[in-house]
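Protein chains: 2
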Amino acid sequence: MCHANTLIMLESSLYPHVSVDCVVFGFTGERLHILLISRNGTSEDGCYSDMKLPGSVIYENEDLDDAAYRVLHELTGIKNIYLQQFHSFGSPSRTQNPRDKVWLENSIHMKIGRIVTVGYVALIKIGQKLQAFSDRYEAHWCDIDDIGTLAFDHNIVVEKALAYVRLKLIEDPIGLYELLPKRFTEAELRNLHEVIYGEKVDIRNFHKKFSSLPYIVSLEEKQQNVAHRAARYYRFDKIIYNQIYR
Amino acid sequence: MCHANTLIMLESSLYPHVSVDCVVFGFTGERLHILLISRNGTSEDGCYSDMKLPGSVIYENEDLDDAAYRVLHELTGIKNIYLQQFHSFGSPSRTQNPRDKVWLENSIHMKIGRIVTVGYVALIKIGQKLQAFSDRYEAHWCDIDDIGTLAFDHNIVVEKALAYVRLKLIEDPIGLYELLPKRFTEAELRNLHEVIYGEKVDIRNFHKKFSSLPYIVSLEEKQQNVAHRAARYYRFDKIIYNQIYR
DNA sequence: ATGTCTTATTGTAGATTATACACCATCGCA
DNA sequence: TGCGATGGTGTATAATCTACAATAAGACAT
Chain H
5 MCHANTLIML ESSLYPHVSV DCVVFGFTGE RLHILLISRN GTSEDGCYSD MKLPGSVIYE
65 NEDLDDAAYR VLHELTGIKN IYLQQFHSFG SPSRTQNPRD KVWLENSIHM KIGRIVTVGY
125 VALIKIGQKL QAFSDRYEAH WCDIDDIGTL AFDHNIVVEK ALAYVRLKLI EDPIGLYELL
185 PKRFTEAELR NLHEVIYGEK VDIRNFHKKF SSLPYIVSLE EKQQNVAHRA ARYYRFDKII
245 YNQIYR
Chain F
5 MCHANTLIML ESSLYPHVSV DCVVFGFTGE RLHILLISRN GTSEDGCYSD MKLPGSVIYE
65 NEDLDDAAYR VLHELTGIKN IYLQQFHSFG SPSRTQNPRD KVWLENSIHM KIGRIVTVGY
125 VALIKIGQKL QAFSDRYEAH WCDIDDIGTL AFDHNIVVEK ALAYVRLKLI EDPIGLYELL
185 PKRFTEAELR NLHEVIYGEK VDIRNFHKKF SSLPYIVSLE EKQQNVAHRA ARYYRFDKII
245 YNQIYR
């Protein structure tokens, strides 16, 4: 076999690998959450446990978008959501942390020099059952303000995703409604605006705009068992929305 | 050597290659232009000559941004501009056109299965001397409405770049001023708006906003040798702009 | 010199949208 | 029954957007 293995090693570190990473945002009605995979391993400094974005290398004959949907499904069980590509990350140093290098070699079974990753973002109603496919890949919803230091450059990826969402919602606010459950209160939507844009909005001015939107329809139901006046529920009407804006 | 070459071939088509492509927009005062490289080659159906975006595969240890600057400089001589990443393209079919496959093998000297490319966009004052580095890589400014069918999926890349520019200019119009020469008339800026957004703007309403911008300063000079009343020149004052918006 | 052609330059009125701001209602619970 | 917490609502002012047309300046042809 004459060094065939050595050759393969050389090759696989010479050419960049391409991966996709998914930043999936969810919303509880109060706080913004993000879907992370817990990662356990050992490195020079002993055992560790930390978090990473759901992501993986793409297949040989797979489109980037397809890879993102596949990976998200494989790692979390999530299907039927819109993923949007927002940025690619290719710094040679992004896979140079020793902990990350060891983890990559163990999980991809290959020596890897660098990985260019393509970032995808989704807004999703929180609370879908998350399917855990193995003990190593366990998906969790984490409060965005409490994610600590993630694997690779994933903190940067998350920041960039948030910036993209803010910009993108200017041209089409429909993404916001993906972040809410079927029925929601006005305050929940107001909270969502505040966590995404990072600033308080005026309650009465918000109400004025909210109540003028024809595609927000009011339901009969109200909150129950709350220690204050119960708020009315609303729903987002996609049909009316599409009639107006598509 | 026992099939070592075969192995290399397998490897290089197994792992995706990563390239960058640059969409560089320029503006004459009337029409939007884009920087393209002419490509000559032969394929099954004889000689051909067509155009492609300036782009190339990245080096082993090169950041994506660095690669974009390097490639643009190598192919066109352009330096010192802002390039912004806007989207990545990775469809397996994007490198399957026979003409493109042959061209790739000749220019990269390697059999390549697929290339994931990262798109960069820049707005640049037109008219900088373009440096031609070889007979095969000759850079030209082409009218955006007259670029025909480009190599690979580059027509799609250009479309996406334009959409990105439109969106991006909402949050920061400074990019627009990169597209204009040092001194420009109000009509030139108005034309630029019209070609970028693809619709007529009201002359007087535009003037009202234009003349209220503190960072647009009027010069004494006027147009010369025009067959009508000469228009006044203005310039963009970066210092005033930064004082207000940074 | 005069007229014609082409583009430059400028304002106003009305509609729409954004902002600032405070009080009463309702419900659970002690 | 009263307190604590959140829900729900209007008005006045400022700022911005929209629609719209007549005169000015220079080049050129006669």
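Taken in order, these protein sequences are the chains called H and F. So the first sequence is numbered by this note's numbering: it starts at 5 and just counts up by one. So the second sequence is numbered by this note's numbering: it starts at 5 and just counts up by one. All C-beta atoms in this analysis are idealised placements derived from N, C-alpha and C, irrespective of residue type, glycine included.
| Asked | Found |
| --- | --- |
| Based on Cα-Cα distance, which residue from 94(H), 118(H), 180(H) lies nearest to residue 126(H)? | 180(H) |
| Taking only three categories from DSSP, how would you classify residue 206(H)? | coil |
| What do you reckon, are the CB atoms on residue 92(F) and residue 89(H) nearer than 8 Å? | yes |
| Exposed or buried, residue 51(H), counting other C-beta atoms within 10 Å across all chains shown (16 or more means buried)? | exposed |
| Can you tell me whether residue 25(H) is buried or exposed, with buried defined as 16 or more other CB within 10 angstroms of its CB? | buried |
| Can you give me the Cβ contacts of residue 12(H) inside the same chain, cut-off strictly under 8 Å, excluding the 5 residues immediately before and after it? | Interpretation of residue 12(H) is limited by its pLDDT of 38, a score under 50 that renders its predicted location unreliable; the figure taken from the coordinates is listed afterwards. For residue 12(H), where only same-chain residues beyond five positions count, there are no Cβ hits under 8 Å. |
| Under the assumption that residue 79(H) contacts residue 41(H) (Cβ atoms under 8 Å), give the Cβ distance between them as a whole number of angstroms. | 6 Å |
| Hey, could you find the ends of the alpha helix (DSSP H) residue 128(H) is sitting in? | Per DSSP, residue 128(H) belongs to no alpha helix (DSSP H) and is neither H nor E. |
| Less than 8 Å between CB atoms is the rule here; does residue 185(H) satisfy it with respect to chain F? | no |
| Using the C-alpha atoms, what's the distance from residue 115(H) back to residue 6(H)? | Residue confidence for residue 6(H) is low, a pLDDT of 40 falling below 50, so the modelled location carries little weight and cannot support an answer. |
| When you compare each of 212(F), 34(F), 193(F), 222(F) to residue 236(F) by their alpha carbons, which one comes out closest? | 222(F) |
| For residue 96(H), which of 216(F), 71(F), 163(F), 168(F) has the nearest alpha-carbon? | 71(F) |
| Scan the segment 88-109 of chain H for residues whose Cβ lies nearer than 7 Å to a Cβ of chain F and list them as they occur along the chain. | 89, 91, 92, 94, 95, 96 |
| Pick out whichever of 55(F), 142(F), 34(F), 122(F) has its Cα sitting closest to the Cα of residue 194(F). | 34(F) |
| Please report the Cβ distance between residue 162(H) and residue 200(H), rounded to the nearest whole angstrom; I am assuming they are in contact, meaning their Cβ atoms lie under 8 Å. | Not a contact, Cβ separation roughly 13 Å. |
| Which stretch, first to last residue, makes up the beta strand (DSSP E) that contains residue 38(F)? | 36-47 |
| Indicate whether at least one CB of chain F lies closer than 8 Å to the CB of residue 68(H). | yes |
| Under a three-way DSSP split, which group does residue 134(H) fall into? | coil |
| Output the residue ranges of the alpha helix (DSSP H) runs that lie fully inside the segment 169-218 of chain H and measure 4 residues or longer, sorted by chain position. | 178-182, 190-201, 207-216 |
| Cα separation between residue 233(H) and residue 224(H)? | 15 Å |
| Using the three-state DSSP reduction, which class does residue 26(F) fall into: helix, strand or coil? | strand |
| Can you name the residues of chain F whose CB is closer than 7 Å to the CB of residue 175(H)? | 171 |
| Taking CB distances under 8 Å as the criterion, tell me whether residue 65(F) reaches chain H. | yes |
| Could you tell me which residues DSSP pairs with residue 142(F) in its beta bridges? | 42(F) |
| Taking 8 Å as the CB-CB cut-off, is residue 249(H) touching chain F? | no |
| Only counting the same chain, and skipping five residues up and downstream in sequence, which positions put a Cβ closer than 7 Å to that of residue 141(H)? | 41, 79 |
| Once you ignore the five residues that flank residue 182(F) on each side, which residues in its own chain have a CB closer than 6 Å to its CB? | 127 |
| Name the chain H residues whose beta carbon is nearer than 7 Å to that of residue 21(F)? | 19 |
| Give me whichever residues DSSP pairs with residue 121(F) in a beta bridge. | 23(F), 93(F) |
| Could you tell me the alpha carbon to alpha carbon distance between residue 111(F) and residue 249(H), rounded to whole angstroms? | 46 Å |
| Drop a sphere of 10 angstroms on the beta-carbon of residue 243(H), count the other beta-carbons inside from all chains shown, and report buried for 16 or more, exposed for fewer. | exposed |
| Can a CB atom of chain H be found closer than 8 Å to the CB of residue 122(F)? | yes |
| Taking only beta-carbon positions, decide if residue 49(H) is within less than 8 Å of chain F. | no |
| Rounded to the nearest angstrom, how far is the Cβ of residue 83(H) from that of residue 123(H), given a contact under 8 Å? | Contact flag wrong, Cβ pair sits at about 20 Å. |
| In the DSSP assignment, the alpha helix (DSSP H) including residue 157(F) goes from what residue to what residue? | No alpha helix (DSSP H) contains residue 157(F), which DSSP labels as neither H nor E. |
| Please confirm whether residue 59(H) and residue 121(H) have their CB atoms less than 8 Å apart. | yes |
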